[in-house]
Each structure stands twice: as structure tokens, then as C-alpha cells.
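Below is one structure, written out as C-alpha cells, with a few remarks after it.
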Amino acid sequence: MQLAFWATLGGPVVHIELDGQGPRYGQLIRAFKDAILTGRLPAGARLPASRSLASELELSRNTVLAAYEQLQAEGFLVGRVGSGSYVAPIALGKSASRRIAAQPVAPLSAFARRALAASEGAFQGARAPMRLRYNLQYGLPLANPALASAWRREVSRAAEEADPDYPDPQGLPALREQICDYLARRRGVQAEPDDVLVVSGTQQAFALAARVLLTSGDGVALEDPHYRGARQVFLAQGARVHGCRVDAEGLVPQALPARARLAVVTPSHQFPTGALLPLARRMALLEWAATRRAWLVEDDYDGEFRYAGRPLAALKSLDRDDRVIYIGSFSKALFPALRLGYMVIPNALRRPLVAAKWLEDRGCSALEQAALARFIAGGGFERHLRRAATALRLRRTAMLNGLARHAAGATEVADSSAGMHVTAWLHGVSHADSERLVAHARSRGLGLYTLAPYCLRPPPRPGLLLGYAGLSPGDVEAAMRLLGRCLRELGLGGTPALAPSG
Ligand SMILES: Cc1ncc(COP(=O)(O)O)c(C=O)c1O
Numbered sequence: 113m114q115l116a117f118w119a120t121l122g123g124p125v126v127h128i129e130l131d132g133q134g135p136r137y138g139q140l141i142r143a144f145k146d147a148i149l150t151g152r153l154p155a156g157a158r159l160p161a162s163r164s165l166a167s168e169l170e171l172s173r174n175t176v177l178a179a180y181e182q183l184q185a186e187g188f189l190v191g192r193v194g195s196g197s198y199v200a201p202i203a204l205g206k207s208a209s210r211r212i213a214a215q216p217v218a219p220l221s222a223f224a225r226r227a228l229a230a231s232e233g234a235f236q237g238a239r240a241p242m243r244l245r246y247n248l249q250y251g252l253p254l255a256n257p258a259l260a261s262a263w264r265r266e267v268s269r270a271a272e273e274a275d276p277d278y279p280d281p282q283g284l285p286a287l288r289e290q291i292c293d294y295l296a297r298r299r300g301v302q303a304e305p306d307d308v309l310v311v312s313g314t315q316q317a318f319a320l321a322a323r324v325l326l327t328s329g330d331g332v333a334l335e336d337p338h339y340r341g342a343r344q345v346f347l348a349q350g351a352r353v354h355g356c357r358v359d360a361e362g363l364v365p366q367a368l369p370a371r372a373r374l375a376v377v378t379p380s381h382q383f384p385t386g387a388l389l390p391l392a393r394r395m396a397l398l399e400w401a402a403t404r405r406a407w408l409v410e411d412d413y414d415g416e417f418r419y420a421g422r423p424l425a426a427l428k429s430l431d432r433d434d435r436v437i438y439i440g441s442f443s444k445a446l447f448p449a450l451r452l453g454y455m456v457i458p459n460a461l462r463r464p465l466v467a468a469k470w471l472e473d474r475g476c477s478a479l480e481q482a483a484l485a486r487f488i489a490g491g492g493f494e495r496h497l498r499r500a501a502t503a504l505r506l507r508r509t510a511m512l513n514g515l516a517r518h519a520a521g522a523t524e525v526a527d528s529s530a531g532m533h534v535t536a537w538l539h540g541v542s543h544a545d546s547e548r549l550v551a552h553a554r555s556r557g558l559g560l561y562t563l564a565p566y567c568l569r570p571p572p573r574p575g576l577l578l579g580y581a582g583l584s585p586g587d588v589e590a591a592m593r594l595l596g597r598c599l600r601e602l603g604l605g606g607t608p609a610l611a612p613s614g
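Per the numbering used here, the very first residue in the sequence shown carries number 113; after that it's consecutive.
Structure representation (C-alpha cells):
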């Protein structure tokens, strides 16, 4: 929550932001201290009256008074009876704020500097709760009360039986067995528990692969557009990243570079365009990897959810030369807060990858792993997948119908019959106009996101990445109606401009 006020009449506006962590009283104290210590609230500045601050932030006046008293007791504020609270004269040194802003540069490693650059503008800590009426952000999970109660039961049973010692860093054998059964049943992958490494999500799988396979300057091929989380990891590792062309059938194998240590691919559901890679191209990818002794990292992030036809087996199922590192995640199949995923590792990489995982964190939480093994073994996971697929299909249908009804002239859907998002290319709209559309929609309470952050080179036309999992079907329909209205208000996509309504 943000509060803006003039600390001195006629002076600059001061923004105070509450961090949303813990009681409001503590949040207020931290926010004011930060503003004082960074010099944004100078000595002598007057704080808002407790009554008006309380009403603006929807807090009780006592909370504000208690925070002011604490700040006074610690010497940050001085109070003048009847005339309010003022920032105390504190010797900050002239460059306090500049020192804080400049701090991270000098003593950091090359990795840290690259990590900061790679996450510039992308890392926001925990996803900030946004005050948007309809948020079409990709990756928001499907709200599912039945899953929450089933999961609570499994965790509490697992806790009763938990072994308190460090777990096997490769993953609990019981979970690795369940993963192998699941992969054979649903993804056509034949793996032994020994081939599986349990990790804390795809992100850790990319990081381990990067650490084990790359030295600074090595080439990495990414589809373009691609998943940003992959690009960030490989850039932070010092890789030279090549973007490879993607068309309506997915990655174009001829676009792969002659020299690269590895390529990250999403053959079952190209991210984000949704294309399903045909068999001939899969075979070409495998040939490329075998002849160049390169590795293919297969990110099978949402292979569980296909709404038309049977799911196609994973690329890993065709891997005769053992060049494919397969990655699965429970972020989409269950929920991202779980932070569990797995790799199916080629023989030659098993020892180094397990060693890297052991060094990194000594293994994933045994409790969570045991609960998940129970959940899969008891059939709860498959039941959940069936229910989730039905719920997602309804949202997806609402989105496709809504786009056809309200935004047909301006959008072309890259239909994929899978997953938790739709990619819509924009017609008759420039890249600059797509950014205007996003800003305008936001002002109307609609969270829209362009494809630009997922591309190394600007795509020929702008597009939107529309996530539907976080909204009910009714809200998805309302969001599409609002999208149509925003397009008309801006006169985009061949629509005559419409005067904005209140
Ligand atoms: C393409 C892609 N890969 C992987 C993931 C999952 O990442 P993780 O397992 O780290 O949550 C996502 C999640 O949004 C994704 O979109």
C-alpha cells in the first residue's frame, strides 16, 4: 500500500510504501524509518496528522499513534503538542541515500553482477498482491479448496512419520518411484528412480544444469520467444545466449546454432506461443544434439493439461543417445508455492548433478517430498489433475469465446489446446500501442502483459500473454469484455476510437 504526501508545503511529494509484512504498526514504523534514513523525509518535515493517516490507510488511529510514539521513543521524531510530529534532526551525512543506492556494486562477484543485470526489472520478491479487478498474469495458480484440504491431510500424515535426519539429496526414493510411474503413464518416459533428481522447481533444475555444464562464454540456444526464467539463469552463468526462430510449429531446427553446449526446448507446448513440435522436428533436434555432443534441456512445464487429443509423449521418450535432460515441475500440476520439481538425468550427468544439488542445499524438504509421494501413490494427484483440467478448460473456453466476441478484429489467437494461458497476437497495433494498451487497461483494473519480456528480438508484431488460471470463467469473460472496451477507447485494431467512460 502506498501513501503520498507533501512533507513540507511546496516541497516534493514523499512516497511511503508499506511492505505488507506483519502487523501494520510495524510496517508503518519501517516505512517511516526508511524514508528518514534515506533522506527522503528530511529533518523538520512534518508527518501527516494521525487522524488523516489512519483514515487514508484504513487503520485505527491508535495504530498510527502507537507507531508515532515508538518512532519518537527511538529518536526519529519529535512531537510538538498540538502541532504534530516532525522528523528529528539526525546527522545522516550528506550522501546517505546515495551510499545506499550505490552499495551493491564494488564488492560483488561477476556472477552476482550478472544476476542483478539479468533480473533487472523482473524480480519483485514475492508477487505483489495487485489491486486489479481482473489480473491476467501468467503463472497465477488455480484456486482449489479441495486440493488445499487434501494437501493439508497429506502433510500432517507425513509429519507423523517423518525421519528427522537429512534426506537423500537426490530425493526421497518413495517420491522418485512415484515420479517414474507417473512419467511412464502420462509422458511416455521410461526412467528408473536412480535417473531422477528431485529439485526445488524448474528454476533450480536450470541453475544446476548451468553450473554443471557451462563455463563462462559457452553458447546456449533458447527458443525466441522463450521462458524468461531460463534466460536469466543462463545469462547469470555467463553464457552467450542465442535466440532461435520459432514458427507456428515451434522451434525451427535449422535455426539452432552450429556451436552450443545446450539448447532449452519446450516441445510439448512451446512457451509462450503454444506450438506442439512435430515428430520430424523432434528427430532433427535429437540429431543436432547427438552430432554436436550438445545437451537438450526439455522443459515440460505444463504437459499435464491438454484439452484436445491425447498428450503427446515427451521428447525424452525418443532420446536414444541419452542427450536429453528432462525437467518436470509441480508448479502447474499442483501449485508454485510447493517449490518441487524433478529432472530425469542422462547417465553421464548423474553424479555431477547430484553432487551440485547436495552442495547447494543438501536436498529438498523431506516432509514435502513424503507428502507428495503419498498424494501420488494414493491416487489423489491424478484425481486433482482431472478436476483441474476440467476447471481450466472452462476458463480457457471463456477466454477464447470472449476474445472472439470482444476483440476479434484486433487479435489472432495462437491456439494450442493446452496449458494455462493463451497467446494473442495483436493486429493493426504497433509495439508502442501495445504498451499504451497495457497502461490503459491497468488504469481500468485489467492486468494485461505483452510478450516483449519473453523475447530476445522484438517479434514481428506485438502480442499478449493471457493467463486464465487465476480467474473464474465469469471473470475471464468480463475481463475480455473490458479488453474489447480498452481497444475501442484507444481506437486500436481497426476500431474507431471510443470516448473513455467514467
Ligand atoms: C515455461 C515454464 N517453465 C517452467 C515453469 C515452472 O517453473 P518452476 O518449477 O520453477 O516454478 C514455468 C512456470 O511459470 C514456465 O512457464
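C-beta atoms are modelled at their ideal positions from N, C-alpha and C, and glycine is treated no differently.
Item checked: Sequence-distant residues of its chain with Cβ nearer than 7 Å to Asp336 (five each side left out) -> Gly355, Cys356, Arg357, Val358, Cys567, Leu568, Arg569
Notebook entry, point to check: Is it true that the region 308-321 meets the region 435-442, where meeting means three or more beta-carbon pairs spaced less than 8 Å apart?
Noted result: Contact between the region 308-321 and the region 435-442 is present: three or more C-beta pairs spanning the two stretches fall below 8 Å.
Checklist line | The alpha helix (DSSP H) enclosing Leu602, as first and last residue numbers | finding: 585-602
Check: Cβ atoms of Ser197 and Leu67: under 8 Å apart, would you say?
Finding: Shown here, the chain extends from 113 to 614; a query on residue 67 therefore has no answer.
Margin query: Once the 5 residues before and after His496 are set aside, which same chain residues still bring their CB inside 6 Å of it?
Written below: Leu259
Check: Does any CB atom of chain D fall closer than 8 Å to the CB of Gly283?
Finding: Protein chains in the displayed structure number just one, and chain D is not present.
Margin query: Taking the straight line between their C-alpha atoms, what separation do you get for Cys598 and Asn247?
Written below: 15 Å
Next item on the list: Please say whether Leu374 and Val409 have beta carbons closer to each other than 8 Å?
Entry: With contacts defined by Cβ atoms closer than 8 Å, Val409 and Leu374 form a contacting pair.
Next item on the list: Just the C-alpha distance for Cys476 and Gln282, rounded to the nearest angstrom, thanks.
Entry: The alpha-carbon atoms of Cys476 and Gln282 are separated by roughly 9 Å.
Notebook entry, point to check: In whole angstroms, what separates the C-alpha of Leu326 from that of Val353?
Noted result: 12 Å
Item checked: Which of helix, strand or coil DSSP assigns to Cys292 -> helix
Note to self: Taking the beta carbon of Arg67 as the centre, do at least 16 other beta carbons fall within 10 Å, making it buried, or is it exposed?
What the structure shows: Any property of residue 67 remains undetermined from this structure, which presents the chain solely from 113 to 614.
Next item on the list: Could you tell me if Ala203 is buried or exposed, where buried requires 16 or more neighbouring beta carbons within 10 angstroms of its beta carbon?
Entry: exposed
Notebook entry, point to check: Taking Leu320 as the reference, which of Lys469, Ala303, Asp433, Gly490 has the closest Cα?
Noted result: Lys469
Checklist line | Nearest to Gln344 (by Cα), restricted to the options Asp307, Ala526, Leu388, Leu228 | finding: Residue Leu228 is the option with its Cα nearest to Gln344.
Next item on the list: Name, in chain order, the residues that DSSP records as bridge partners for Cys356.
Entry: Glu335
Check: In this structure, what does DSSP give as the bridge partners for Met455?
Finding: Leu309, Ile439
Item checked: Outcome for Ser555 when other beta-carbon atoms lying within 10 angstroms are tallied against a minimum of 16 -> exposed
Note to self: Across the region 256-271 and the region 570-583, are there enough close Cβ pairs to call them in contact, namely three or more that are closer than 8 Å?
What the structure shows: no
Note to self: Would you say the beta carbon of Phe493 is closer than 7 Å to some non-hydrogen atom of ligand 1?
What the structure shows: Not one heavy atom of ligand 1 is found less than 7 Å from the C-beta of Phe493.
Checklist line | Spatial neighbours of Ala348 in its chain, beta-carbon cut-off 7 Å, leaving aside the 5 residues before and after | finding: Short of 7 Å from the beta carbon of Ala348, and not among the five residues preceding or following it, lie these beta carbons of its own chain, in chain order: Phe223, Arg226, Ala227, Ala230.
Next item on the list: May I ask whether a heavy atom of ligand 1 can be found less than 7 Å away from the beta carbon of Asp411?
Entry: Yes, Cβ of Asp411 sits closer than 7 Å to a heavy atom of ligand 1.
Next item on the list: May I ask whether a heavy atom of ligand 1 can be found less than 7 Å away from the beta carbon of Ser528?
Entry: no
Next item on the list: Please determine, among Gly386, Ala351, Pro448, the residue with the shortest C-alpha to C-alpha distance to Gly362.
Entry: Of the candidates Gly386, Ala351, Pro448, Gly386 places its Cα closest to the Cα of Gly362.
Next item on the list: Would you check whether ligand 1 has a heavy atom nearer than 7 Å to the C-beta of Thr378?
Entry: For Thr378, the shortest separation between its Cβ and any heavy atom of ligand 1 lies below 7 Å.
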